[in-house]
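Chemist: Line order of the protein sequences matches chains A and B.
For the record, in the first sequence the residue sitting at position 228 is 227 according to numbering that gives the first Met the number 0, with numbers rising by one throughout.
For the record, in the second sequence the residue sitting at position 88 is 87 according to numbering that gives the first Met the number 0, with numbers rising by one throughout.
Don't be surprised by glycine CBs; every beta carbon is placed ideally from N, CA and C.
Quick caveat: nothing in here was measured; it's all calculated off a predicted structure.
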Amino acid sequence: MKHAVITGAAHGIGKALAHRFAQAGYAITGVDMDTAGAARVERELDARFVIADLRSEADIARVLPKLIQGKPIDILIHNAGINAVGRFPDISIENHEHVIAVNFYAPMLLTAALLKADRIAKGASIVFISSLSHYTSYPGAATYAATKSGLASYARSLSIALAPQNIHVMTVFPGPTRTAHARRHSPQNTREEKRMPPEKLAHHIFRGVQKKKHLIVPGATNRMFALLGKWCPPLMEYAMRKVILEKL
Amino acid sequence: MQKKTILITGATDGIGRALAKIYWTRGDRLILVGRRTLDTLNNPLYTKNTYCRADLSQDKCADRVCAFLNAQKIDAIDLAIQNAGTGYFGPIAEQSVESIREITAVNLMAPLRLTHALIPYLKKANGKLVLIGSITHAFPCPDYAVYAASKEALNTLGRNLKIENDINVQIIHPGATRTGLHRKIGMDNEKTKKFPSAEKVAQKITQAIDGRRLVATIGWGNTWARFLGRYCEGIVNAMVRTT
Ligand SMILES: NC(=O)c1ccc[n+]([C@@H]2O[C@H](COP(=O)([O-])OP(=O)(O)OC[C@H]3O[C@@H](n4cnc5c(N)ncnc54)[C@H](OP(=O)(O)O)[C@@H]3O)[C@@H](O)[C@H]2O)c1
Ligand SMILES: NC(=O)c1ccc[n+]([C@@H]2O[C@H](COP(=O)([O-])OP(=O)(O)OC[C@H]3O[C@@H](n4cnc5c(N)ncnc54)[C@H](OP(=O)(O)O)[C@@H]3O)[C@@H](O)[C@H]2O)c1
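(1) Beta carbon of A:Asn188: closer than 8 Å to some heavy atom of ligand 2?
(2) How many whole angstroms separate the CB atoms of B:Leu113 and B:Leu156, which I take to be in contact at a CB cut-off of 8 Å?
(3) Return the bridge partner residues of B:Leu6 from the DSSP annotation.
(4) Taking DSSP as the reference, what is the three-state secondary structure of B:Tyr87?
(5) Please identify, using Cβ separations under 8 Å, the residues of the region 113-126 of chain A that lie next to chain B, in order along the chain.
(6) Anything in the region 101-112 of chain A with a Cβ closer than 8 Å to a Cβ of chain B? List those residues in chain order, please.
(7) What are the residues of the region 58-91 of chain A that lie near chain B, defined by any Cβ-Cβ distance shorter than 7 Å?
(8) A:Tyr143: which of A:Ala8, A:Val84, A:His180 and A:Gly13 sits nearest, CA to CA?
(9) How close, in whole Å, do the beta carbons of A:Gly36 and A:His10 come, if the pair is a contact with beta carbons under 8 Å?
(10) I'd like to know if the region 227-242 of chain B and the region 125-143 of chain B are in contact, where contact means that at least 3 CB-CB pairs between them fall below 8 Å.
(11) Using a Cβ-Cβ cutoff of 9 Å, what residues of the region 154-176 of chain B are near chain A? List them in chain order.
(12) Counting only beta-carbon separations shorter than 9 Å, does A:Pro186 have a partner in chain B?
(13) For chain A, check one thing: does any of its Cβ atoms lie closer than 9 Å to the Cβ of B:Asp142?
(14) At least one CB of chain A closer than 9 Å to the CB of B:Tyr230: is that the case?
(15) Near A:Ile74, what residues of its chain come up, given a Cβ to Cβ distance below 6 Å and the 5 sequence neighbours on each side ignored?
(16) Within a Cβ cutoff of 8 Å, which residues of the same chain sit near A:Val108, ignoring the five residues on either side of it in sequence?
(17) Between which two residues does the beta strand (DSSP E) holding A:Asp73 run?
(18) Using DSSP with H/G/I as helix, E/B as strand and the rest coil, what is A:Gln164?
(19) CA-CA distance, B:Ala224 and B:Arg212?
(20) Going by Cα to Cα distance, which pick from A:Pro163, A:Ser152 and A:Ile72 is closest to A:Ser130?
(21) With a threshold of 8 Å (Cβ to nearest heavy atom), would B:Gly174 be considered close to ligand 2?
(22) Flag A:Met235 as yes when its Cβ comes closer than 8 Å to any non-hydrogen atom of ligand 1, and as no otherwise.
(23) Of all Cβ atoms in chain A, is any one closer than 9 Å to the Cβ of B:Arg35?
(24) Looking only at its own chain, which residues have a Cβ that is under 6 Å from the Cβ of B:Gly132, when we skip the five neighbours before and after it?
(25) In terms of DSSP beta bridges, what is A:Ser124 paired with?
(26) Just to confirm, is the Cβ distance from A:Leu157 to B:Ile91 under 9 Å?
(27) Does any residue of chain A bring its CB to less than 9 Å from the CB of B:Ala61?
(28) Does DSSP put A:Pro3 in a helix, a strand or coil?
(29) For B:Leu18 and B:Ile30, which I take to be in contact (beta-carbon distance under 8 Å), what is that distance rounded to the nearest angstrom?
(30) Taking the alpha carbon of B:Thr46 as the reference point, which residue from B:Gln71, B:Ala207, B:Asp62 and B:Lys192 has its own alpha carbon closest?
(31) Any idea what DSSP makes of B:Gln169, helix, strand or coil?
(32) Just how far apart, CA to CA, sit A:Lys211 and B:Ala83?
(33) Hey, does A:Gly139 have any beta-carbon neighbour from chain B nearer than 9 Å?
(34) Using a Cβ-Cβ cutoff of less than 6 Å, which residues in the same chain neighbour B:Thr205 once the five nearest sequence positions on both sides are dropped?
(35) Give a single yes or no on whether B:Ile30 has its beta carbon closer than 8 Å to a heavy atom of ligand 2.
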């Protein structure tokens, strides 16, 4: 039985990923800090969770041995992520630091440690959940955007570094997805139905892994925004300022 | 020209020290941030009124800088150049936790902490924040992934701060430069001898700072390289893969 490790698997996209990979016959190890949420998913899926607050380096050091003693990992998905929304000076420095810790630092620490311990199986995939903000910009969440672009860069380097070991690396740039995360951090939730259901996103990610893609932007509309943001940044930046920043 | 108040981090070596010298000859008021002790810095640039000792890998580094500014009765800054940087060169699986922590702290956390703390000072002088990135942010860097990622994060931070428009921001990407950095991070030193000097690069950086571009890359070759790395991702990845 193949083994998938998914961070932030108690809710949202991570939970949908746990379901999708379990359905395909993977044994699931989730990493999350929400004990109750983790227990719920464990009951639904026969998944196993390790509880850790990924903001804390001590917690990461504590759970790593558990992951290292576990089965070799065929899929590692860095999904746990947090946001802090507001104008840069208005967000407390602690919140800025937490965003960097969970979204950027924790994935790099986990990846390096698991590679060092030789826990990533040959032929495995490492998946990084970045964000469409990498292409579109995200004023009102400058630090979040910074971590998501930094993560994409790390994945790009890793993809080349690990190719000789036959380890596949994929970066996902999801657009708005219908989760608690999006609900918490959007200026308004009136058009929530337009956001992609996490189950659908999870399926895109599953297929991307099967096809060994390196980059995916799930959804046609999101792909259009990514192209616009890449080739005509001022236009997308103007739109993001109007739609997000000025509504905060 | 009026005297400006200019803060430079990582001002004890390489590009930062060269920048400090240029502004010193212009007669500006300098605040130079570094981790070394003052008595080891034998140069008239560094005095107890200009040199602020702060280890930027530490959580409280911004508090130290602010305490220094208060002691010097400085409440407005015209130009803050966040230049301090560090790296690692070698296989990802061999990089220590300490190294990942240090690079994240010095290259990303410290600029973020200092920006947050310095915004009131910059606003007061209608000043400018300059982030020193690196063209490597636009490339896949299998031998220094964490470094390149920290620079990419810095680039995106600057881009979004610019859109938020609370302060004037500029991101400057130098290319390879002959400094002590490569020796410090354990990169072989033969190739680095051909790189342009820190003085030359610093000169171009000051010109870029006097200009208005949001993102400035130092040198035409680097500008092209960065463009290719960003917009022809597939081709560049394939090229790096085969080398
Ligand atoms: N939703 C979107 O529109 C969207 C768009 C682009 C990218 N993304 C990215 O997709 C990923 C998943 O987002 P989501 O929408 O599914 O978010 P979510 O509903 O908030 O779920 C995130 C999961 O991560 C866990 N988590 C958060 N902080 C943690 C920490 N410090 N330690 C351990 N676990 C932690 C959460 O646990 P708790 O519930 O206990 O906090 C939760 O189970 C994130 O990286 C996000 O940035 C989301
Ligand atoms: N050299 C290149 O090829 C190149 C290319 C592109 C971008 N850059 C960027 O340019 C900037 C300057 O680099 P450089 O080449 O001039 O390197 P450098 O000669 O090593 O100078 C770096 C400066 O940052 C300081 N520093 C490092 N860690 C610190 C810490 N924890 N606390 C306080 N200060 C610290 C160093 O102090 P010490 O003197 O004590 O070491 C030094 O003053 C960096 O951001 C670098 O990433 C360099």
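Modeler: In terms of the structure at hand:
(1) If you number the first sequence from 1, residue 188 of chain A lands on position 189. No, Cβ of A:Asn188 sits at least 8 Å from all heavy atoms of ligand 2.
(2) The residue you call residue 113 of chain B lines up with position 114 of the second sequence. The residue you call residue 156 of chain B lines up with position 157 of the second sequence. Actually they are not in contact, since the Cβ atoms of B:Leu113 and B:Leu156 sit about 12 Å apart, beyond 8 Å.
(3) In the second sequence, counting from the first residue as 1, residue 6 of chain B sits at position 7. Beta-bridge pairing links B:Leu6 to B:Ile30 and B:Ala79.
(4) Numbered from its first residue, the second sequence carries residue 87 of chain B at position 88. Coil at B:Tyr87, not helix or strand.
(5) Leu114 and Lys115
(6) Phe103, Tyr104, Met107, Leu108, Thr110, Ala111 and Ala112
(7) Arg86, Phe87 and Pro88
(8) Your numbering for residue 143 of chain A matches position 144 in the first sequence. For the residues A:Ala8, A:Val84, A:His180 and A:Gly13, the minimum Cα distance to A:Tyr143 belongs to A:Val84.
(9) The sequence position of residue 36 of chain A within the first sequence is 37, counting from 1. The sequence position of residue 10 of chain A within the first sequence is 11, counting from 1. Yes, A:Gly36 and A:His10 are in contact; Cβ-Cβ is about 6 Å, under 8 Å.
(10) yes
(11) Asn154, Thr155, Leu156, Gly157, Arg158, Asn159, Leu160, Lys161, Ile162, Glu163, Asn164, Asp165 and Ile166
(12) By one-based count along the first sequence, residue 186 of chain A stands at place 187. Answer no: the Cβ-Cβ gap between A:Pro186 and chain B never drops below 9 Å.
(13) Along the second sequence, read from residue 1 onward, the residue named residue 142 of chain B stands at position 143. So, interface residue.
(14) As a working mapping, residue 230 of chain B is identified with position 231 in the second sequence. At least one chain A Cβ lies under 9 Å of B:Tyr230.
(15) Walking along the first sequence from the start, residue 74 of chain A turns up at place 75. Only Ala3 and Ser124 meet the Cβ criterion.
(16) As a position in the first sequence, residue 108 of chain A is number 109, starting the count at 1. For the sequence presented, residue 108 of chain A should be read as Leu rather than Val. Same-chain partners within the cutoff: Glu56 and Ile59.
(17) Locating residue 73 of chain A in the first sequence gives position 74, counting from the first residue. Counting along the chain, the beta strand (DSSP E) containing A:Asp73 begins and ends at Ile72 to His77.
(18) Position 165 of the first sequence, counting from 1, holds the residue named residue 164 of chain A. Note: A:Gln164 maps to helix in three-state DSSP.
(19) Within the second sequence, residue 224 of chain B is the residue found at index 225, counting from 1. Within the second sequence, residue 212 of chain B is the residue found at index 213, counting from 1. Cα to Cα, B:Ala224 sits roughly 18 Å from B:Arg212.
(20) As a first step, residue 130 of chain A is located in the first sequence; it is residue number 131 there, counting from the start. Of A:Pro163, A:Ser152 and A:Ile72, the residue nearest in Cα terms is A:Ser152.
(21) On the second sequence, residue 174 of chain B is found 175 positions in, with the first residue counted as 1. Yes, Cβ of B:Gly174 sits closer than 8 Å to a heavy atom of ligand 2.
(22) Taking the first residue of the first sequence as 1, we reach residue 235 of chain A at position 236. Every heavy atom of ligand 1 is 8 Å or more from the Cβ of A:Met235, so no.
(23) Taking the first residue of the second sequence as 1, we reach residue 35 of chain B at position 36. No - not a single Cβ of chain A is within 9 Å of the one on B:Arg35.
(24) Translated into the one-based positions of the second sequence, residue 132 of chain B becomes position 133. Here the set comprises Lys150, Leu153, Asn154, Ile170 and His172.
(25) The residue given as residue 124 of chain A occupies position 125 in the first sequence. Answer is A:Ile74 and A:His167.
(26) As a working mapping, residue 157 of chain A is identified with position 158 in the first sequence. As a working mapping, residue 91 of chain B is identified with position 92 in the second sequence. Yes. Within cutoff.
(27) Stepping through the second sequence from its first residue, residue 61 of chain B is reached at position 62. Closer than 9 Å to some Cβ of chain A, the Cβ of B:Ala61 qualifies, so yes.
(28) Looking up residue 3 of chain A in the first sequence gives position 4. In the sequence as displayed, the identity of residue 3 of chain A is Ala instead of Pro. DSSP places A:Ala3 in strand when its eight states are reduced to three.
(29) In the second sequence, the residue the question calls residue 18 of chain B occupies position 19. In the second sequence, the residue the question calls residue 30 of chain B occupies position 31. Rounded, the Cβ-Cβ distance is 12 Å, inconsistent with contact.
(30) In the second sequence, residue 46 of chain B corresponds to position 47, counting from 1. When only C-alpha atoms are compared, the closest one is B:Gln71.
(31) Here the question's residue 169 of chain B lines up with position 170 in the second sequence. Strand at B:Gln169.
(32) If you number the first sequence from 1, residue 211 of chain A lands on position 212. If you number the second sequence from 1, residue 83 of chain B lands on position 84. Those two C-alpha atoms are separated by around 38 Å.
(33) As a working note, residue 139 of chain A is residue 140 in the first sequence. Yes, A:Gly139 lies at the interface with chain B (some Cβ there is under 9 Å from its Cβ).
(34) Within the second sequence, numbered from 1, the residue matching residue 205 of chain B stands at position 206. Within the same chain, B:Thr205 has close Cβ partners Ile21.
(35) Stepping through the second sequence from its first residue, residue 30 of chain B is reached at position 31. Result no, Cβ not under 8 Å from ligand 2.
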